[in-house]
Amino acid sequence: MPADLSFSLKQARRLALAAQGFQGRRSTAAIQPQHLNRLIERLGVVQIDSVNALVRSHYLPLFSRLGHYSADLLDQAAWSQGRRRTLFEYWGHEASLLPMSLYPLMRWRMARASRGEGIYQQMARFGREQQATIRRVLALVEARGALGAGSLSSREEKAGPWWDWSAEKHALEWLFAAGEVTVAGRRGFERLYDLPERVIPRAVLDQPSLDEPEAQRGLLRQAAVALGVATEKDLRDYYRLDPADSRARLAELVEAGEIEVCQVQGWRQPAYCPVGIKVPRKVEASALLSPFDSLIWERSRTERLFDFRYRLEIYTPQHKRVYGYYVLPFLQGERIAARVDLRAERALGRLAVHAVHEEEQGLDEAGMAALAASLRQLADWLGLADIQLNCLRESAQRLRGLL
27 MPADLSFSLK QARRLALAAQ GFQGRRSTAA IQPQHLNRLI ERLGVVQIDS
77 VNALVRSHYL PLFSRLGHYS ADLLDQAAWS QGRRRTLFEY WGHEASLLPM
127 SLYPLMRWRM ARASRGEGIY QQMARFGREQ QATIRRVLAL VEARGALGAG
177 SLSSREEKAG PWWDWSAEKH ALEWLFAAGE VTVAGRRGFE RLYDLPERVI
227 PRAVLDQPSL DEPEAQRGLL RQAAVALGVA TEKDLRDYYR LDPADSRARL
277 AELVEAGEIE VCQVQGWRQP AYCPVGIKVP RKVEASALLS PFDSLIWERS
327 RTERLFDFRY RLEIYTPQHK RVYGYYVLPF LQGERIAARV DLRAERALGR
377 LAVHAVHEEE QGLDEAGMAA LAASLRQLAD WLGLADIQLN CLRESAQRLR
427 GLL
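With the numbering used here as the guide, the letters of the sequence shown map in order to residues 27 to 429.
If you want it as structure tokens, here you go:
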């Protein structure tokens, strides 16, 4: 399909950054629930991750865009009761927090999961073979309210490594994927499951069901708004749609005039953007990014946009790591200019900087000062009084004098 609209790579970066909420100055006023909710509605999804080397990942994208905010605001939006709850957990882009407005758009995925489609084979097999266990666990949730898997486990042997789940844990995860239970809250990081009617607002549950194509078009619309400009694969990845579904729905949106085909300098594949999108004249951003930030989670897109190759090395043996265990890209201006290996040493009250790696273009003095300021702001937000540099690279020595 021919494209009448084209963007330079610099314009594509600006579109992506603005779409992801990096345009404009951070407010100096206290961040209120409406600020957080407005941002998450824009992003459409925040990925959850359990690694707590710095802070659990779902808190970081909001800090990167809003600055100093109370993490309690996200906890309330995600896991409180009543009107303050504006988010729900489900499989969006991996395990995710999503705005309540997207709940109806996820029901088709829940229906597929209940048929054993779109889920891990082991879980699909459990759903086929262990319905008696699943119904027993659901009855316990109905009778007792929000429950974690640990309180239901009947296993007597010691649990093994990752994914060695009890039968009850398997049942809860199957019920969650199928939409028969949802996450009511968390105990530490353990999910507490309850019936949707006791968690999701009635006004949301009562909305008419959408057929699969309509819901998938809605998710692609949201992905296009959140990404600014993207290939079909980028759009598909945002909510992890199947390729065949994504291509069919995207063609329908283009034909309906809701999404426009375009070209981006240097991209081999056609790109897509919302109709009428405007390129900002300039984007001034300075932020440390979570490894699971929606700006960079599709690694091939990150390379195309920023010429930045990024891989998470948490599961890489220490002697094989190139950059470090928990490395945050540093966004400065309209480029990713460095990567920083960070750890929160809470018992010692300090933010430990284990490595600073500048990209090829490097950081000028203003950029290094911006990195120092970002580290100081991060430490303050985490309640850490000190910043300790544990590296000897030239970048770290330049940074030392600014902290």
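Where a beta carbon is used, it is the ideal one built from N, C-alpha and C, also for glycine.
Just so it is clear, the structure is predicted and the values come from calculations on it, not from any experiment.
Discussion item. By the three-class DSSP mapping on this structure, what secondary structure does Ser122 have?
Written reply: Ser122 sits in a strand when the DSSP states are folded into three classes.
Item to complete: Give the straight-line distance between the Cα atoms of Glu238 and Gln147, rounded to the nearest whole angstrom.
Response: Cα to Cα, the separation comes out at about 22 Å.
Worksheet item: Alpha carbon to alpha carbon, how far is Leu279 from Pro343?
Response: If you take the alpha carbons of Leu279 and Pro343, they lie about 45 Å apart.
Discussion item. Per the DSSP calculation, Thr12 is bridged to which residue(s)?
Written reply: This structure gives no information on residue 12, because the portion of the chain shown stretches from 27 to 429.
Item to complete: Please go through the same chain and pick out, in chain order, the residues whose beta-carbon is closer than 7 Å to the beta-carbon of Pro6, but skip the five residues on each side of it.
Response: With the chain covering 27 to 429 only, the question about residue 6 has no answer from this structure.
Discussion item. I need the straight-line Cα distance from Gly142 to His119, nearest angstrom please.
Written reply: A direct Cα-Cα distance of roughly 19 Å separates Gly142 from His119.
Worksheet item: By how many angstroms is the C-alpha of Trp323 removed from the C-alpha of Arg365?
Response: Their Cα atoms are separated by approximately 15 Å.
Discussion item. So, at 7 Å on beta carbons, what are the nonlocal neighbours of Val72 in its own chain, with the 5 sequence-adjacent residues on each side left out?
Written reply: Excluding sequence neighbours, Val72 sits near Ile66, His84, Pro87, Ser122 and Leu123.
Practice prompt. For Trp117, name the three-state secondary structure that DSSP assigns.
Written response: The three-state reading of DSSP puts Trp117 in strand, counting E and B together.
Worksheet item: Taking only runs of the beta strand (DSSP E) that begin and end inside the segment 299 to 369, which ones reach a length of at least 3 residues, in chain order?
Response: Runs found: 312 to 314 and 353 to 358.
Worksheet entry | Contact under 9 Å by Cβ, Gln291 with Ser90 | Judged by their CB atoms, Gln291 and Ser90 are not nearer to each other than the 9 Å cut-off.
Item to complete: Sort Ala399, Gln295, Ala150 and Val207 by Cα distance to Ala175 and report the nearest one.
Response: For the residues Ala399, Gln295, Ala150 and Val207, the minimum Cα distance to Ala175 belongs to Val207.
Item to complete: May I have the straight-line CA-CA distance separating Met126 from Pro227, to the nearest angstrom?
Response: Going by the C-alpha atoms only, they are around 9 Å apart.
Discussion item. Please tell me whether Ala44 and Pro300 are closer than 9 Å, where the distance is taken between their beta carbons.
Written reply: Contact: no.
Worksheet item: Hey, Glu258 and Gln295: beta-carbon distance below 9 Å or not?
Response: Glu258 is a Cβ neighbour of Gln295, given a cutoff of 9 Å.
Worksheet item: For His380, which residues of its own chain have a beta-carbon under 8 Å away from its beta-carbon, when the five flanking residues on both sides are left out?
Response: If we look at His380 and ignore the five residues flanking it on each side, its Cβ neighbours are Gly350, Tyr351, Asp367, Leu368, Arg369, Asn416 and Cys417.
Worksheet item: Any idea if His196 is buried or exposed, counting beta-carbon neighbours within 10 angstroms, 16 or more meaning buried?
Response: Only buried fits His196, as 16 or more other CB atoms lie within 10 angstroms of its CB.
Discussion item. Would Gly254 and Gln46 qualify as a contact pair, given that the criterion is a beta-carbon distance under 9 Å?
Written reply: Yes.
Worksheet item: Taking just the CA atoms, how far does Met136 sit from Glu194?
Response: One Cα belongs to Glu194, the other to Met136, and the distance between them is close to 19 Å.
Item to complete: Thinking Leu410 and Phe356 are a contact (beta carbons under 8 Å), I'd like their distance in whole angstroms, please.
Response: So it is not a contact: roughly 18 Å between Cβ atoms.
Worksheet item: Mapping DSSP to helix, strand and coil, what is Ser421?
Response: Reduced to three states, the DSSP call for Ser421 is helix.
Worksheet item: How should Ile340 be labelled, buried or exposed, when 16 other C-beta atoms within 10 angstroms of its C-beta is the threshold for buried?
Response: Ile340 should be labelled exposed.
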